[in-house]
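> Our numbering applies: residue 82 is where the sequence shown begins, and numbers increase by one. I'd like to ask some things about the structure below.
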Amino acid sequence: MLSFRPRTELSSLEHLNLQVCTSLETLSFLPTTLQKLWLAGCSSLQTVNASLPKLQEFGAEECRNLRTLSKELGSCMRVLALQGCDGLSESLATN
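In structure tokens:
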């Protein structure tokens with residue numbers, strides 16, 4: 082089990098890659114410094130609910146239960162890559 086206080090302990094984190102975290106259901110409270118977030122094989126993940134104003138790249142692969150991406154994922158987004166996320170029903174707002 083991964084347990085940390087991301088806003089304080091990982092305040093300089095820019096890249097996060099999570100693979101095969103099969104018990105992970107929600108991602109929230111990630112450091113606002115995050116620029117790249119890549120997820121693969123997180124089969125129980127349903128929601129990415131984090132405000133990431135500096136996020137430039139987001140990718141999710143084979144996250145079959147992913148339903149929702151936060152509208153706060155970042156206005157700096159340059160790359161959005163989704164594959165095998167068949168359950169995705171809510172995604173980024175278009176402005």
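Glycine residues also receive a C-beta, built at the ideal position from the N, C-alpha and C atoms.
Classify residue 129: buried if its beta carbon has 16 or more other beta carbons within 10 angstroms, exposed otherwise.
Along the sequence shown, read from residue 1 onward, the residue named residue 129 stands at position 48. Flag for residue 129 reads buried.
> For a minimum of 3 consecutive residues, which ranges assigned as the beta strand (DSSP E) are wholly contained in the segment 124-160?
128-130 and 138-142
> Output the distance between the C-alpha atoms of residue 111 and residue 131, rounded to the nearest integer angstrom.
One-based indexing of the sequence shown puts residue 111 at position 30. One-based indexing of the sequence shown puts residue 131 at position 50. So the alpha carbons of these two residues sit roughly 6 Å apart.
> Can you have a look at residue 165 and say buried or exposed, based on whether 16 or more other CB atoms are within 10 angstroms of its CB?
The residue given as residue 165 occupies position 84 in the sequence shown. Exposed, by the Cβ-count rule.
> Please state the DSSP three-state secondary structure of residue 109.
By 1-based counting over the sequence shown, the position of residue 109 is 28. Of the three classes helix, strand and coil, the one that applies to residue 109 here is strand, per DSSP.
> Assign residue 120 to one of three DSSP states: helix, strand, or coil.
Taking the sequence shown and counting its residues from 1, the one referred to as residue 120 is at position 39. Here residue 120 sits in strand by DSSP.
> Does the Cβ of residue 157 have 16 or more other Cβ atoms within 10 Å, making it buried, or fewer, making it exposed?
Your numbering for residue 157 matches position 76 in the sequence shown. By the neighbour-count rule (16 or more Cβ atoms within 10 Å), residue 157 is not buried but exposed.
> Mark residue 168 as exposed unless 16 or more other C-beta atoms lie within 10 angstroms of its C-beta, in which case mark it buried.
On the sequence shown, position 87 is the one that residue 168 refers to. Per the 10 Å Cβ criterion, exposed.
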